[in-house]
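Engineer: Below you will find the structure I want to go over with you.
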Amino acid sequence: MKAAKEVLALELFDPELDSAKLTTNIENLATFLSKQQAPFSLETLRPTMSYLIETEDIMATHVPEQQVDLTRAFLYAFNLTAPNFPIFDEDSGHLPRLYHLMAQALPQIEEKDAEEIENLITIANEINFFVLPHESTSISEIFDALSELDCKASLVSLKHLINATDRIPLQVIQEILEHLSNEKAKDIIKTISTQKQNEILASIRSILSGAEAIDATAKVSEILEVQPEELYGSLRGDVISEDKTTRSAAVKLFTKTLSHQKITKATVDYFLAIIGRNRDEMEEIRLLVIQFCFTILHNIKDFKVPEFTPESLITKIWDAIKMAINDPSSKVRLATVKGIAKMKFNEIKMDIKDVATRVRDNDPSVRSKTLNLLLELYAKDPEEYKWLEESVLQLYPSDKTVPLTAFSVFIEHRKLDQILEGIEDRRPLLLMLKHTNIFRSLAQRYKDKEMKEQIEQFVPVQVIKKAIKHSPKFFESALDFKQRKRLYKHLKSKLDNEQQAILLLGYYQPMPALPNDILEWENTTFAKEMAEIFYSDFEELIPDMTKRMSPTDIAVFTKLDKLDIPSLPDVLKALAKATNTSERSEALEAFSVLFKKGNESLLRQIKFSKDEKLEKLKFYARIGVARLVPDDIVDEINENYEEFDSEEATWALKLFSCFDPEKCISFHEKMSEKFPSETFDSYMKCTSIENTDMYNEATKPETFRKFASLMQSFEPEVRQHCIEQLNLAMNNPHTPIQFLSLFALSATDPVKANVKMAEEYLKKQIQFRRDIMKKYKNASSQVKPITVLPYLIHILAHHQDFEKDAPKFQSFALYIRAFMKPLTEGTSNYESIMEVLRHMKYAEDIDEDYTENMNKLVDVSLSVILDIVGGKSWSQTQTPGEVLLPQRYFKPCEDIDRIKTDLLKMNFDIIKSPAKPSKVLNAGMSPARTTRMKRRGKDIKEKENKEESTEETEKPKKKRGRKPKKVEASSDSDKEETKTTSDSDSSSDSDSSDSGSSSSSSESEKEVAKTPKRKVSNSTKKTPTKKKQEKETPKSPKRKPSASPKRQNKKQESDSESESEEEKPKKSPKRKPSASPKRQNKKKQVESSDESDSEKEDEKPKKRMPKKKKQVESSDDEKSSDKEEEKHTKKSTTKRGPKNKKEEEEEEKKSTSRKTNKNDEEKESKGKQKKSNKKIEEEKKSESEDETPKKSPKRKPSASPKRNAKK
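Numbering (full-length UniProt numbering), first residue to last: 1 to 1207.
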């Protein structure tokens, strides 16, 4: 006891002692207590231990040695006095000081002596030291300390510590969650009580949020093996959360959790809820869902629905798969195709055609995976999946690998004619066969440098060299179907990538059908298509074909025009005989295609009947020799070309293309009005520089402008066709570059699709010519796109909208900008553009009247280019260089010095590009027609045709004139003459003006210009009566399509001969459009005034108008007499009441006499229509010169004999 008193003396632990002395004393205390055995006297130990825990300076020491020894001393003291405390009861409130001290000391003890720390923690666990009351902060501290200890006893301590707490501090839970990947943390969660486990799960949301909370919940649930229904119940709301990361984490958790769970009645709703996220906006979630769907299908044995799996789940899974096959995300589509590919073919519950759409996918990996799946299906049952041929082969040439690979499989299982039979649009396949045939003939010449450019259009030469290096017998093996698969696998590993192997073997594959097999085909169309591609392979078979002359032989001959046939006379003789058989049409085509000079005698054997006009036209058009064309064909075309259909027009244009250039182009100009699309196609072929004479005629300035205007045709379909054909023509190297300017004319097209198409084509064609200039440094200057600019300015200087767009030229700036924009893209050499514009300043238009227009457009072009390149200006003092302008379009200016002076005065820095116009001038181009507009136009045409037929069949009744009325003349000469108008004349004039207002011919405009203007007083204007106004219902005016001059004249004549509205109000040939309310009120006022005027005129004596011409006098007298007779009959009928039988018989006789007169008149009009166009035009001109304002459009026939007798 003496030793105890020396160690436990309170003065030994005075905080005021020297630190070293105090450390020694505490160490002695810990050592002493470690050697004692329980039970120890409480009275002896408590005073010292209570003093230490009460002394804050000692418990809060920062000296490591003191912290370690104090911890040891207290743990031994608690062990010696257990189950009692080694401190007084009133000092138990200071226990947190001890925990804080231990949290700092335990790691230090472990570091010094691992065995001792294990012993100390074991002692603490035995006496339940960590079950003592704690504060939350001290618990967190001791938890952290114990967690860091690497001893087994600490795990028990942590378990006791957590289980002993009333509520686990959030810091402790957070510490656990942060170390969930640590095995110790997992062991803690597993060993604590169920209550505390649930407390941790419930507390996750208060510590973490969103995806972190879900991730922690998933990990804890996995440790605790929580049932899916319990887990889903706690996270149900997160699956549909608005927060993307939270929703993604929840779906990811459940797709992982449910993938390993059986489908039960309790969990099926959870499966359905997750599959329902297949429409989620997040790509990641949709990908998880589709993978989850295939996992479920594979988990269900044999893909049969068990009793506990509702059919709705399977249905919903396949609905999700069907939707995913067209998902916007390539990852989702690829996962879908992969999932389907892993299934057995008889277990796929969707249409394979929907899967086949993925061969057109933008992602090459999706295309490749889909193709492999489909080809496996095709190989198993070619007849069942033959529809696959068209859907895959249509991809060529936009995608080459897929169609080439697929075709090599198709041709192994089915014959070529069978494949062709199942494809509606065979153009992609024919193009592919053409390319494979070309490559097959060139590939073995890969060492020839001259062939390199042609070969590399398909496959790089370097790839062929590598293939030959790794497979010396490549050319032989690749043409053997049995060795191709093995060769592909070999090259796939040796070449740089799989794509190269596919392209090489795809283009170099065996000929799909031998010539002898093709000649046995029954379908002659297929045979012709193959002969056009493989024509050289038929050369050896021509003698047998000539003897046999089967339908297929004849069809093949139509495509052998590229061959130099030695026995051509014999072939033509056989074909001439075949023209008398049932294969006449094909034989005629083959004869005309193969015909060459020196065989004219055989040509005389070909005879045509009157009904074979089209066949005859095609025959001579194919021959293409002007001197051999019969005159009757040319006469027939010139007389009846207006009645041609599109096919006849096309062949007529082709026929005239073999005549002399002037005659050919003249005919093209004539045809362009009615057949703009067909004429434009034929004209572009005539512009080829191969035929110099035709080129010179076709590119005359006025001719060039004439056909350029077709790019701005009224019909949107025509404009679209011209843009497409222009692009095709510009792909031909023989088409003059000046035609690039025509693309810019589509800049004001009201159809946006046409504008975009023209922009794309122009950009592509400019880039194509730049590539040629880079590749061939000695390329002609005519290839330069900049040389096109003068042609565009020339067209615009003569444009019909020039005066309308002046002086700002806002619409014309759109044309110029449309050409300048692609011209300046990808280059900074805009000085060359300014150089061309400067040269144009020193030149004049070939037509001097348009030089001023040209100069204005040059200024506009300058402003546009300065705007595009950022306002930079050119050197104003520089003189023209070596830029050559086309001499047929421009000529040098006589006064160059004056122009140079004017240019020096101009301030180019202030030039601004014209602003975009609010209303674009577009040369009268119509917008695209909607379905409603097309239907309405169709109705109008039907109505017109019906009216024309009734006008021709029904006899027009004679008009009854009105009293002549005075007309004020607009000039002195006009005042001398008197003019009379009838109701029918005014109505016919208004009708003709309405119908011709949309588009009138140039001749009619000239005629209108010749007729002097006149003013008509209000009293003489015709107004409808009140009764008529009540009967007529207002209708919206309908715009009718413009007619030809001939048709317009015919309409004017028929309108002038139609009966007046007073005599026949119910059946008027044309009804005027309803006027606005204001105008109707005005009409009513005029009507009332007219009625009063007419009553006054009836009372007054009749006055004769001054006459100058007998013809007008007689016609006026007839009209006035007719009017008097009409009034007399009206008065008599009103006085007498109903008519008797005699009067009715007299009226019937009168009507029959009128009908006979009308029939005669109709015969006369039909005879006039049959005259030639030249005579009609001369008659029109003579009539327009002889006509006076008084004269009616057509003289009326005389009245009936009875009526003349009455007069």
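Backbone N, C-alpha and C define an ideal beta-carbon position, used for all residues, glycine too.
#1: Going by alpha carbons, who is nearest to V625 out of F595, L614, S601 and E639?
#2: Assuming T650 and E678 are in contact, meaning their beta carbons sit under 8 Å apart, how far apart are those beta carbons, in whole angstroms?
#3: With burial defined as no fewer than 16 other Cβ atoms inside 10 Å of the residue's Cβ, what is the status of F768: buried or exposed?
#4: Measuring only the C-alpha atoms, how far is S926 from V718?
#5: Roughly how many angstroms lie between the CA atoms of E65 and I58, to the nearest whole one?
#6: Note down, in chain order, each residue of its chain lying with its Cβ closer than 8 Å to the Cβ of R97, except the 5 sequence neighbours on either side.
#7: Which residues does DSSP list as the beta-bridge partners of A843?
#8: Flag this pair as yes or no: are the beta carbons of M684 and I723 separated by less than 9 Å?
#9: Would you kindly check if the distance between the Cβ of K654 and the Cβ of A708 is under 9 Å?
#10: State the Cα-Cα distance for the pair L575 and L588, rounded to the nearest angstrom.
#11: Counting C-beta neighbours from all protein chains within 10 Å, is the total for S248 16 or more, i.e. buried, or is it exposed?
#12: So, using beta-carbon positions, are I606 and T579 closer together than 9 Å?
#13: Determine contact between the region 470 to 481 and the region 528 to 547, defined as no fewer than three beta-carbon pairs at a distance below 8 Å.
#14: Which residues mark the beginning and the end of the alpha helix (DSSP H) in which D18 is found?
#15: If distances are taken between C-alpha atoms only, which option among G826, T827 and K891 comes closest to D847?
#16: Are there three or more Cβ pairs, one per stretch, closer than 8 Å when the region 480 to 500 is compared with the region 524 to 539?
#17: If we count the other Cβ atoms within 10 Å of its Cβ and call it buried at 16 or more, is E383 buried or exposed?
#18: Can you find the residues in the same chain that come closer than 8 Å, C-beta to C-beta, to L395, ignoring five residues on each side of it along the sequence?
#19: Hey, out of P790, A813, Y889 and D845, whose CA is closest to M834's CA?
#20: What's the C-alpha gap between A82 and S147?
#21: Looking only at its own chain, which residues have a Cβ that is under 7 Å from the Cβ of Q171, when we skip the five neighbours before and after it?
#22: Could you give the distance in angstroms between the alpha-carbon of L728 and the alpha-carbon of Y761?
#23: Which word fits A9, buried or exposed, when buried means at least 16 other C-beta atoms lie within 10 angstroms of its C-beta?
#24: Indicate whether L921 and D805 have their beta-carbon atoms separated by less than 9 Å.
#25: Use the C-beta contact count for G826: other C-beta atoms within 10 angstroms, 16 or more gives buried, fewer gives exposed.
#26: Measuring straight from C-alpha to C-alpha, what distance separates R627 and K618?
#27: Within this structure, are the beta carbons of P569 and L603 separated by less than 9 Å?
#28: How about I300 and I263: are their beta carbons less than 9 Å apart?
#29: Among the candidates T524, T552, L433 and V556, whose CA atom is the shortest distance from the CA of P510?
#30: Are the beta-carbon atoms belonging to residue 1208 and T824 less than 9 Å from one another?
#31: To the nearest angstrom, how far is it from the Cα of I121 to the Cα of Y270?
#32: With distances taken Cα to Cα, identify the nearest neighbour of L33 among E6, K706, L80 and H413.
#33: When burial is assigned at 16 or more other CB atoms within 10 Å of the CB, is residue 1217 buried or exposed?
#34: What does a CB cutoff of less than 7 Å around F40 pick up in its chain, not counting 5 residues either side in sequence?
#35: I'd like the list of long-range same chain contacts for Q444, defined as Cβ closer than 8 Å, with 5 residues on each side in sequence excluded.
Structural biologist: The relevant details are as follows:
#1: F595
#2: 5 Å
#3: exposed
#4: Roughly 11 Å between the two C-alpha positions.
#5: 12 Å
#6: Around R97: I53, E56, M59 and A60.
#7: P892
#8: no
#9: no
#10: 7 Å
#11: By the neighbour-count criterion, in which a residue is buried when 16 or more other Cβ atoms sit within 10 angstroms of its Cβ, S248 is buried.
#12: Taking 9 Å as the Cβ cut-off, I606 and T579 qualify as a contacting pair.
#13: no
#14: Premise fails: D18 is in no alpha helix (DSSP H) and is neither H nor E.
#15: K891
#16: no
#17: exposed
#18: V359, R360, V402, P403 and P428
#19: P790
#20: Straight-line measurement puts the Cα of S147 at about 25 Å from the Cα of A82.
#21: S140
#22: Each residue's Cα considered, the two are about 10 Å apart.
#23: exposed
#24: Their beta carbons are under 9 Å apart, which means L921 touches D805 by this criterion.
#25: exposed
#26: Going from the Cα of R627 to the Cα of K618 covers about 16 Å.
#27: no
#28: Yes, these two residues count as a Cβ contact at 9 Å.
#29: L433
#30: Residue 1208 lies beyond the residue range present for the chain, which begins at 1 and ends at 1207; the question has no answer from this structure.
#31: 47 Å
#32: L80
#33: The question about residue 1217 has no answer here: the residues shown for the chain are numbered 1 through 1207.
#34: L80 and T81
#35: F475
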